[in-house]
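Participant: Numbering (our numbering), first residue to last: 1 to 522. Even for Gly, the Cβ is constructed at its ideal location relative to N, Cα and C. Submitted below is the structure of interest, expressed as structure tokens.
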């Protein structure tokens, strides 16, 4: 049995090669890999000695040779193929171990030049991988160090099985697809002047399936859950499920909405989501108090909701949460007491999403840089709405000035409004949502619904602040929220009738600030 080994990432390769040698496998290799194996005392034959042709062009050409590809591509079950090998003195290659030049890592480095990128485009490696993967019935191809142990175990047990060979071939073609996609992404962003466009000339999505789902949004739809090829730490796809039923399509969509919202707060926070909209959001001194305030916003909608915390959940918080019907619970950590409490609720899906290496302050780095939406035979792509509003961004446009507490509540309300479907109207007070109106065709209706929900929850909207995700086109929207009890409003501004709306605010004796930013969410 002959194995050809040519790896850029040499993790575990010496140990694997030594184990292959112990199984009687003949080792062939190239350049730096061959030198490493020889230095470790392993008998290794240089590919150049097999091809009779030296490596050239600074290593650009070394394995692009009939002796290599003939040994990989020859079908052992076809006498004509085997006769051709014999005629030309070519040995079969039965095991190929290749990982590619680090193109992705190279272009991710600050200051990477086009020349650096080009020199890290592997040619011979992908060619060999494709040849071996095409001939999977006769050749096993390994493209990741994580595959070494399993293959070695099968070799020791008598041989690499056909299912394993096929799985390795699929993984190999996937790796080539990922590699070529990364090259295409990088090169198709480069402009004639050498600058890099924000949007590439060709979009190449690369996602790994995590699981098949029971069904999609509705039982007659099929669905699956995928993650980015390189997921960001602290994102939903990295979650560990401790207990509960299998996540559904709707669970995952709602969980993502809750998780993205809750991690936008620096203070201890709780977010409750129902049908992709926050129905209760609050910040407080700890998880228990944040949950109590968030739940108070809309207890009816919270039934069967998705709950997210940005702090560890302790026993006290768990005790309160467990009193209600919850579909999914998320947090960066749980105390043993909390997990014991939830274990009595076997159907509750309890997820832990570990903090990024830099802690909660590093969560922003885990946000998606781009948003995509499918349309008929096409796709819309945009930069994600990751804008954060600061106090210094606010422009007071009324005679009445907001108080210090109102300014903090305005920032809180604005943050929540970003995660509410448009048209969005959010009443808040003291770090807590008091009424949420979402997803209506009319901003007036969203305002009315928010006040109705507050009434159902027994909450007074007197002295609240209100966030509107887009401007008030007429004064009637402002009048509705002021009639409900609001004393301060934040909106983007930018309407042709801004002067009319500002005059209405002055007439009603309320404060109004402009954010200068709109937060449509469709």
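Just checking: is the beta-carbon of residue 229 within a distance shorter than 8 Å of some beta-carbon in chain B?
Facilitator: Of the chains in the structure shown, none is chain B; there is only one protein chain.
Participant: In terms of residues, what are the limits of the beta strand (DSSP E) holding residue 55?
Facilitator: Premise fails: residue 55 is in no beta strand (DSSP E) and is neither H nor E.
Participant: From 27, 17, 16, pick the residue whose C-alpha is nearest to that of residue 1; which is it?
Facilitator: 27
Participant: Note down the Cα distance separating residue 263 from residue 360, rounded to an integer number of angstroms.
Facilitator: Our two residues, residue 263 and residue 360, have alpha carbons roughly 8 Å apart in a direct line.
Participant: Count the C-beta pairs between the region 229-241 and the region 284-296 that are closer than 8 Å, then say yes if the count reaches three, no if not.
Facilitator: Contact between the region 229-241 and the region 284-296 is absent, because fewer than three Cβ pairs lie under 8 Å.
Participant: Tell me whether the beta-carbon of residue 101 lies closer than 8 Å to the beta-carbon of residue 118.
Facilitator: Going by C-beta atoms, residue 101 is not nearer than 8 Å to residue 118.
Participant: Tell me which residue opens and which closes the alpha helix (DSSP H) that residue 450 is part of.
Facilitator: 443-456
Participant: Kindly identify the DSSP beta-bridge partner or partners of residue 230.
Facilitator: According to the DSSP secondary-structure assignment, residue 230 is paired through a beta bridge with no residue.
Participant: Looking only at its own chain, which residues have a Cβ that is under 8 Å from the Cβ of residue 74, when we skip the five neighbours before and after it?
Facilitator: Excluding residues up to 5 positions away in sequence, 81, 82, 84, 85, 90, 92, 135, 138 lie with their Cβ nearer than 8 Å to the Cβ of residue 74 in the same chain.
Participant: Helix or strand or just coil, what does DSSP make of residue 5?
Facilitator: strand
Participant: By alpha-carbon positions, which one of 60, 203, 51 ends up nearest to residue 66?
Facilitator: Here the closest residue by C-alpha is 51.
Participant: Use the C-beta contact count for residue 453: other C-beta atoms within 10 angstroms, 16 or more gives buried, fewer gives exposed.
Facilitator: buried
Participant: Taking the beta strand (DSSP E) that residue 140 belongs to, which residues open and close that run?
Facilitator: Unbroken beta strand (DSSP E) run through residue 140: 140-142.
Participant: When burial is assigned at 16 or more other CB atoms within 10 Å of the CB, is residue 409 buried or exposed?
Facilitator: buried
Participant: Answer with buried or exposed for residue 69, where buried requires no fewer than 16 other C-beta atoms within 10 angstroms of its C-beta.
Facilitator: buried
Participant: Within 10 angstroms of the Cβ of residue 435, are there 16 or more other Cβ atoms? Answer buried if so, exposed if not.
Facilitator: buried
Participant: Quick check on residue 420: does DSSP put it in helix, strand or coil?
Facilitator: Coil, per DSSP.
Participant: What do you reckon, are the CB atoms on residue 433 and residue 280 nearer than 8 Å?
Facilitator: yes
Participant: At a cut-off of 7 Å, is residue 448 close to the ligand PLP when judged by its beta-carbon and the heavy atoms of the ligand?
Facilitator: Although the ligand PLP was asked about, the structure shown includes no ligands whatsoever.
Participant: Taking only runs that begin and end inside the region 299-381, name each unbroken beta strand (DSSP E) of 3 or more residues, in chain order.
Facilitator: 305-309, 326-331, 349-352, 370-375
Participant: Are the region 367-383 and the region 482-489 in contact at 8 Å, needing three or more beta carbon pairs?
Facilitator: no
Participant: Start and end of the alpha helix (DSSP H) containing residue 99?
Facilitator: No alpha helix (DSSP H) contains residue 99, which is instead part of the beta strand (DSSP E) from 95-99.
Participant: Which residue marks the beginning of the alpha helix (DSSP H) containing residue 106, and which one marks its end?
Facilitator: 103-108
Participant: Could you compute how far the alpha carbon of residue 250 sits from the alpha carbon of residue 449?
Facilitator: 24 Å
Participant: Near residue 131, which residues of its chain fall below 6 Å by C-beta distance, leaving aside the five closest residues on each side in sequence?
Facilitator: 69, 72, 73
Participant: CA-CA distance, residue 190 and residue 341?
Facilitator: 55 Å
Participant: Once DSSP output is grouped into helix, strand and coil, what is the label at residue 128?
Facilitator: helix
Participant: Assuming contact is defined by CB atoms lying nearer than 8 Å, are residue 199 and residue 210 in contact in what I supplied?
Facilitator: no
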